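A.B. asks:
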Amino acid sequence: MPRSKIIYQCQSCGYTTGKWLGKCPDCGTWNSFVEEHHSQKLRGREAAKPFVLSEITSPQGNRSSTAIKEFDRTLGGGVVLGSVVLIGGDPGIGKSTLLLQALKGLTALGKVLYVSGEESPEQIKMRADRLKVKSSDIILLPETSLEGIISVAHEMDPRVIVIDSIQTIFSLELPSAPGSVGQVRECATKLMFFAKKHGIPLFIIGHVTKEGAIAGPRVLEHIVDTVLYFEGDRSSPFRILRAVKNRFGSTNEIGVFEMTEAGFREVDNPSELFLSERPVDIPGSVVTVSLEGTRPLLVEIQALVSTSSFGVPRRTALGIDYNRVNLLIAVLDKRIGMHLGSMDVFVNVVGGLRIEEPAADIGIVAAITSSFRNVAVKPGTFVFGEVGLSGELRAISQADVRIKEAVKLGFKRGVIPVSNTNRLKDFNIDVIGVKNVEEALEILFF
Ligand code: TYD
Ligand code: MG
Numbered sequence: 008m009p010r011s012k013i014i015y016q017c018q019s020c021g022y023t024t025g026k027w028l029g030k031c032p033d034c035g036t037w038n039s040f041v042e043e044h045h046s047q048k049l050r051g052r053e054a055a056k057p058f059v060l061s062e063i064t065s066p067q068g069n070r071s072s073t074a075i076k077e078f079d080r081t082l083g084g085g086v087v088l089g090s091v092v093l094i095g096g097d098p099g100i101g102k103s104t105l106l107l108q109a110l111k112g113l114t115a116l117g118k119v120l121y122v123s124g125e126e127s128p129e130q131i132k133m134r135a136d137r138l139k140v141k142s143s144d145i146i147l148l149p150e151t152s153l154e155g156i157i158s159v160a161h162e163m164d165p166r167v168i169v170i171d172s173i174q175t176i177f178s179l180e181l182p183s184a185p186g187s188v189g190q191v192r193e194c195a196t197k198l199m200f201f202a203k204k205h206g207i208p209l210f211i212i213g214h215v216t217k218e219g220a221i222a223g224p225r226v227l228e229h230i231v232d233t234v235l236y237f238e239g240d241r242s243s244p245f246r247i248l249r250a251v252k253n254r255f256g257s258t259n260e261i262g263v264f265e266m267t268e269a270g271f272r273e274v275d276n277p278s279e280l281f282l283s284e285r286p287v288d289i290p291g292s293v294v295t296v297s298l299e300g301t302r303p304l305l306v307e308i309q310a311l312v313s314t315s316s317f318g319v320p321r322r323t324a325l326g327i328d329y330n331r332v333n334l335l336i337a338v339l340d341k342r343i344g345m346h347l348g349s350m351d352v353f354v355n356v357v358g359g360l361r362i363e364e365p366a367a368d369i370g371i372v373a374a375i376t377s378s379f380r381n382v383a384v385k386p387g388t389f390v391f392g393e394v395g396l397s398g399e400l401r402a403i404s405q406a407d408v409r410i411k412e413a414v415k416l417g418f419k420r421g422v423i424p425v426s427n428t429n430r431l432k433d434f435n436i437d438v439i440g441v442k443n444v445e446e447a448l449e450i451l452f453f
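Heads up: the sequence shown runs through residues 8 to 453, numbered per my numbering.
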């Protein structure tokens, strides 16, 4: 007889214990333990067969297009058959809309099973009409039990499955509520087995919880092949689809979309978009070129330096790492003699974008200096380069690609690390190589 044992599981990190605890010893969250039953029966499965590496066919070629270029790019060139893609984002950001639009392309594979635990088929129909998605190959299933879904899937043999959303699905075998760590993990795992066995792509929509991670934080990220986050400010129509994990492609790849009356429109030239409202000749604004995956993006970095009215000056960083900003302020203090000890410093990457790479360092430094000195950077100038602790400007990857993008948008002058200039093509614009922060600031402001 399989025994069923009661365990308690932290809903935040998945830590399990035999007795209820008020605070999770692993992640420190209070009041996060929920009772779960774990059946100890062994899953009846055969042992795996070994394979010869050279005889395995690569899944790379087995991709299918969503017919949305930006979506395909984020996936690494279309979705791999048999892979599981998790799409996370705040409620209302547009996850259901994007997937429904993607089905236009994916129906080329055959029947799609769209499981909706949140909306009625009528609601989805209304949305499909708005998006002009008409297909007799899209089958809607308003079902929330895992067992029900699997049995329909077995019968129907779909070529694509969409789960909207994983938080609403529950397995009858577990007593916990839908959306709990145990349920989310169990349901995703069972669905994944189905998808892998049948070699079909599975899209799982997951709402991001208040803490910023997908339900039962992070438990799903290990299970799935690809994790995409849909980001953006709800007050603005622009959305960024970002790959944070991809077993079949590069991460850091992004897709940019604009929400319109009839669904998402792809934004072909995001650089133009991110720079569209840039004030010219205003202190505190600098343009840098960031590389998101394979794609160069021109972004505006804004800084505001003002006298602090409190004892402890404030430092705010939006769209950029907070510690990085502090480090760069320290470099300015030590190497340039720019003392910001009694100043508040705010740094913002315009357009809700988040920059992770150090190539933007000199852009941040220049924006802060520009605001501090109240002098604008000459119009038509861009900068990029990593700043080291001794104030040196370090080379960054793919300078050519970045400069090309800037030239395309009409920039006339670039200030970049000198070590990046020796193997550069001729761009017909002024590209100035500098060794350190001091030299860069001199060129930018004098
Ligand atoms: P939705 O896809 O339902 O979000 P999620 O699945 O992430 O919760 O999209 C919600 C928003 O999108 C909603 O506020 C309305 C807006 N929207 C448009 O602006 N245009 C459209 O064509 C559609 C379908 C939705
Ligand atoms: Mg939805």
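Where is the CB? At the ideal position from N, CA and C, for every residue including glycine. Quick caveat: nothing in here was measured; it's all calculated off a predicted structure.
In the structure shown, what three-state DSSP assignment does asparagine 333 receive?
C.D. replies: Along the sequence shown, one-based indexing puts residue 333 at 326. Correct three-state label for asparagine 333: helix.
A.B. asks: Since valine 251 is in the beta strand (DSSP E), which residue starts that stretch and which ends it?
C.D. replies: Here residue 251 refers to the residue found at position 244 of the sequence shown. That run of the beta strand (DSSP E) goes 245-253.
A.B. asks: Out of Arg302, Thr295, Val356, state which residue places its alpha-carbon closest to the alpha-carbon of leucine 325.
C.D. replies: In the sequence shown, residue 325 corresponds to position 318, counting from 1. That would be Val356, whose Cα lies nearest to the Cα of leucine 325.
A.B. asks: Measure from the alpha carbon of alanine 250 to the alpha carbon of each residue in Ala202, Asp275, Thr301, Leu113, then state which is nearest.
C.D. replies: Counting from one through the sequence shown, the residue named residue 250 turns up at place 243. Minimum Cα distance to alanine 250 is reached at Thr301.
A.B. asks: Any heavy atom of the ligand TYD within a distance shorter than 7 Å of the CB on methionine 266?
C.D. replies: In the sequence shown, the residue the question calls residue 266 occupies position 259. Checking the Cβ of methionine 266 against the ligand TYD gives yes.
A.B. asks: Serine 349: buried (16+ other C-beta within 10 angstroms of its C-beta) or exposed?
C.D. replies: Counting from one through the sequence shown, the residue named residue 349 turns up at place 342. It counts as exposed.
A.B. asks: Using 8 Å for Cβ pairs, my map puts cysteine 194 next to isoleucine 168. What's the rounded Cβ distance?
C.D. replies: Working through the sequence shown from its first residue, we reach residue 194 at position 187. Working through the sequence shown from its first residue, we reach residue 168 at position 161. 12 Å between Cβ atoms; not a contact.
A.B. asks: DSSP three-state call for alanine 74: helix, strand or coil?
C.D. replies: Taking the sequence shown and counting its residues from 1, one reaches residue 74 at position 67. Reduced to three states, the DSSP call for alanine 74 is coil.
A.B. asks: Quick one: is proline 290 buried, meaning 16 or more other Cβ sit within 10 Å of its Cβ, or exposed?
C.D. replies: Position 283 of the sequence shown, counted from the first residue, corresponds to residue 290. Classification for proline 290: buried.
A.B. asks: For tyrosine 483, count neighbouring C-beta atoms within 10 Å of its own C-beta (all shown protein chains included) and say buried if the count is 16 or more, exposed if not.
C.D. replies: Within the shown structure, residues of the chain are numbered from 8 to 453, placing residue 483 beyond reach of any answer.
A.B. asks: In terms of residues, what are the limits of the beta strand (DSSP E) holding glutamine 309?
C.D. replies: Counted from its first residue, the sequence shown places residue 309 at position 302. Run containing glutamine 309: 302-314, per the beta strand (DSSP E) assignment.
A.B. asks: Based on the DSSP secondary-structure assignment, which residues constitute the bridge partners of tyrosine 121?
C.D. replies: Taking the first residue of the sequence shown as position 1, residue 121 is located at position 114. Answer is Leu147, Val169.
A.B. asks: How many angstroms separate the CA atom of asparagine 435 from the CA atom of lysine 76?
C.D. replies: Sequence index remark: in the sequence shown, residue 435 carries index 428 (1-based). Sequence index remark: in the sequence shown, residue 76 carries index 69 (1-based). C-alpha separation (whole angstroms): 31 Å.
A.B. asks: Check whether the Cβ atoms of leucine 305 and glutamate 412 sit closer than 8 Å, and answer yes or no.
C.D. replies: Working through the sequence shown from its first residue, we reach residue 305 at position 298. Working through the sequence shown from its first residue, we reach residue 412 at position 405. Result yes, Cβ atoms of leucine 305 and glutamate 412 sit closer than 8 Å.
A.B. asks: Relative to the C-alpha of phenylalanine 245, which candidate in Val234, His229, Gly440, Met266 has its C-alpha closest?
C.D. replies: As a first step, residue 245 must be located in the sequence shown, where it is residue number 238. Checking every option, the nearest Cα to that of phenylalanine 245 belongs to Met266.
A.B. asks: So, with DSSP's three-state summary, where would you put asparagine 69?
C.D. replies: For the purposes of this step, residue 69 is taken as the residue at position 62 of the sequence shown. In the structure shown, asparagine 69 sits in coil (DSSP, three-state: anything other than H, G, I, E or B).
A.B. asks: How long is the line joining the alpha carbons of arginine 331 and glycine 213, rounded to whole angstroms?
C.D. replies: Mapped onto the sequence shown, residue 331 falls at position 324. Mapped onto the sequence shown, residue 213 falls at position 206. The straight-line gap from Cα to Cα measures roughly 30 Å.
A.B. asks: Could you check whether the Cβ of serine 378 sits closer than 7 Å to any heavy atom belonging to the ligand TYD?
C.D. replies: For the purposes of this step, residue 378 is taken as the residue at position 371 of the sequence shown. Outside the cutoff, so no.
A.B. asks: Here's the rule: buried if 16 or more other CB atoms are within 10 angstroms of the residue's CB, otherwise exposed. What is glycine 440?
C.D. replies: For the purposes of this step, residue 440 is taken as the residue at position 433 of the sequence shown. Glycine 440 should be labelled buried.
A.B. asks: Determine whether the beta carbon atoms of valine 444 and serine 377 lie at a separation below 8 Å.
C.D. replies: Within the sequence shown, numbered from 1, the residue matching residue 444 stands at position 437. Within the sequence shown, numbered from 1, the residue matching residue 377 stands at position 370. Cβ distance not < 8 Å, so valine 444 and serine 377 don't count as in contact.
A.B. asks: Along the chain, where does the beta strand (DSSP E) containing glutamate 62 start, and where does it finish?
C.D. replies: For the purposes of this step, residue 62 is taken as the residue at position 55 of the sequence shown. From DSSP, glutamate 62 is part of no beta strand (DSSP E); its letter is neither H nor E.
A.B. asks: Across the region 150-160 and the region 127-142, are there enough close Cβ pairs to call them in contact, namely three or more that are closer than 8 Å?
C.D. replies: Flag = no, the region 150-160 and the region 127-142 do not touch.
A.B. asks: Mind checking leucine 107: buried by the 16 CB within 10 Å criterion, or exposed?
C.D. replies: Taking the first residue of the sequence shown as position 1, residue 107 is located at position 100. Buried, since its Cβ has 16 or more Cβ neighbours within 10 Å.
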